[in-house]
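Notes follow the structure.
Residue numbers (my numbering): 1086 to 1577.
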């Protein structure tokens, strides 16, 4: 369960159970001591919780104890997730947030009556939720209980809570009829985009449905002046999206303001891809109102020792990324926000690259002028994007392995090399009868990898080589990856 959702759970036992499940779903093998340290809860409490979780999930999951700890596994994934959702059935704020979304508003006193709370208890609960909502620069009114703040922030909260979050008994879903409406009315033109987007299908439907319901309830988005000055009248993709206005009016009886289509369109196209260079080029040509992006990209290439002239594709994609962030920042800075656990994962996986990107963004912040509140989110997004981009566009290379050792171990290394490298590179293994100095130097090889030091002395190698441990460890494989991909190597 997402950290955002955990903060809306009022029952401390349920909240603790969900945090335990978050850990063991990732680790499978766990100990009471380890869970206690990770969650900051006493071992006695964790032991009791695990015992009760074992009983609760008896039909859907295994909690098996042994001498080293516990083993967790889902027996029936669908039933397990149904059981997990059921834990939240009595959590009032998941229901209240859904009611607020649909405009079904009541006072704090009426909520107290509905859930058999005293009004003072309900007010304490409201105070708890107000603290959580500060993350979105929102608050709660009391008469009626409703979200208070900028409309863009409210919509971003709903998107994160319902779409990015895990399903609960009260999760809002876009109706299936929206998908069918698209297929029936726009089907032949879907997928034939001039600018395109990286957003997922359901993610788009959530953006649209949130727009529809907010409009229905009288909440209209306000566009900043700079966005209003953009001429969309001849934009093919925008005109296609504008056809939603009469369709939604006819199918759902909801009137959508033209500014809402502009808002929706820009939210969608700000999410860029890494594999449609023509669309990125058009995106830049039509919507780049920030000339400062180009010198920032030049600075980025210089920092990481990448030749911009020989990597024009990378330049285009990076420019499109920064343009997407600038559009978000102009419309509503919170649109650049990531969920907290996403930032943690990126820092954990790509710590060195994240730190270099952090230094770069902070150095160029006077030119970029991003909202300071979401700088960390932009840095994490940039790190994730460049890792994907540089991996995707690295040249396919040939790596030759010279291996010695136990015959089974050597075969294991071969399997690992093929699994880890063969999708992106050519992997070669030289048989004994072909192992000559001429073969090694004549063969078109970008990198020679060996776990046998004498080979470096026996052969005068004119190729780049890498000496690894007899049994390669994680660092050996990381070194191979970075040696093969100079773009990632520059990042690290």
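We put the beta carbon where it would ideally sit given N, CA and C, even for glycine.
Taking a contact to mean a Cβ-Cβ separation below 8 Å, would you say residue i touches residue j in this structure?
i: residue 1128; j: residue 1117; result: yes
i: residue 1459; j: residue 1419; result: yes
i: residue 1283; j: residue 1357; result: yes
i: residue 1091; j: residue 1100; result: yes
i: residue 1344; j: residue 1306; result: yes
i: residue 1202; j: residue 1248; result: no
i: residue 1474; j: residue 1537; result: no
i: residue 1535; j: residue 1513; result: no
i: residue 1435; j: residue 1483; result: no
i: residue 1240; j: residue 1295; result: yes
i: residue 1347; j: residue 1378; result: no
i: residue 1177; j: residue 1200; result: yes
i: residue 1215; j: residue 1225; result: yes
i: residue 1401; j: residue 1362; result: yes
i: residue 1337; j: residue 1297; result: yes
i: residue 1131; j: residue 1121; result: yes
i: residue 1570; j: residue 1479; result: yes
i: residue 1429; j: residue 1446; result: no
i: residue 1205; j: residue 1095; result: no
i: residue 1407; j: residue 1353; result: no
i: residue 1301; j: residue 1339; result: yes
i: residue 1308; j: residue 1326; result: no
i: residue 1146; j: residue 1159; result: yes
i: residue 1477; j: residue 1364; result: no
i: residue 1417; j: residue 1238; result: yes
i: residue 1509; j: residue 1481; result: yes
i: residue 1157; j: residue 1113; result: yes
Between residue i and residue j, what straight-line distance do the alpha-carbon atoms span, to the nearest angstrom?
i: residue 1437; j: residue 1466; result: 14 Å
i: residue 1253; j: residue 1485; result: 51 Å
i: residue 1456; j: residue 1351; result: 18 Å
i: residue 1432; j: residue 1424; result: 13 Å
i: residue 1444; j: residue 1164; result: 46 Å
i: residue 1388; j: residue 1506; result: 28 Å
i: residue 1086; j: residue 1144; result: 21 Å
i: residue 1051; j: residue 1236; result: Because the chain is modelled from 1086 through 1577, residue 1051 falls outside the range shown and cannot be assessed.
i: residue 1405; j: residue 1399; result: 10 Å
i: residue 1542; j: residue 1489; result: 15 Å
i: residue 1185; j: residue 1496; result: 60 Å
i: residue 1142; j: residue 1286; result: 33 Å
i: residue 1359; j: residue 1267; result: 25 Å
i: residue 1220; j: residue 1324; result: 35 Å
i: residue 1380; j: residue 1461; result: 21 Å
i: residue 1255; j: residue 1369; result: 40 Å
i: residue 1375; j: residue 1440; result: 25 Å
i: residue 1529; j: residue 1493; result: 28 Å
i: residue 1372; j: residue 1173; result: 44 Å
i: residue 1152; j: residue 1119; result: 14 Å
i: residue 1550; j: residue 1472; result: 24 Å
i: residue 1328; j: residue 1316; result: 17 Å
According to DSSP, simplified to helix, strand and coil, what is residue i?
i: residue 1580; result: Any answer about residue 1580 is impossible in this case: the structure gives the chain only from 1086 up to 1577.
i: residue 1231; result: strand
i: residue 1483; result: strand
i: residue 1566; result: helix
i: residue 1151; result: strand
i: residue 1114; result: strand
i: residue 1191; result: coil
i: residue 1366; result: helix
i: residue 1471; result: helix
i: residue 1350; result: helix
i: residue 1126; result: coil
i: residue 1286; result: helix
i: residue 1278; result: coil
i: residue 1371; result: helix
i: residue 1535; result: strand
i: residue 1169; result: helix
i: residue 1225; result: strand
i: residue 1324; result: helix
i: residue 1158; result: strand
i: residue 1512; result: strand
i: residue 1308; result: coil
*Count the C-beta pairs between the region 1226-1234 and the region 1173-1193 that are closer than 8 Å, then say yes if the count reaches three, no if not.*
yes
*Enumerated in chain order, which unbroken segments of the alpha helix (DSSP H) with a length of 4 residues or greater are wholly contained in the region 1377-1460?*
1378-1388, 1397-1416, 1425-1434, 1436-1453
*Can you find at least 3 beta carbon pairs, one from the region 1266-1281 and one from the region 1328-1344, that sit closer than 8 Å?*
Judged by Cβ distances under 8 Å, the region 1266-1281 makes contact with the region 1328-1344, as three or more pairs qualify.
_Please give me, in chain order, every unbroken run of the alpha helix (DSSP H) with length at least 4 that falls completely inside the region 1237-1274._
You should have 1261-1271.
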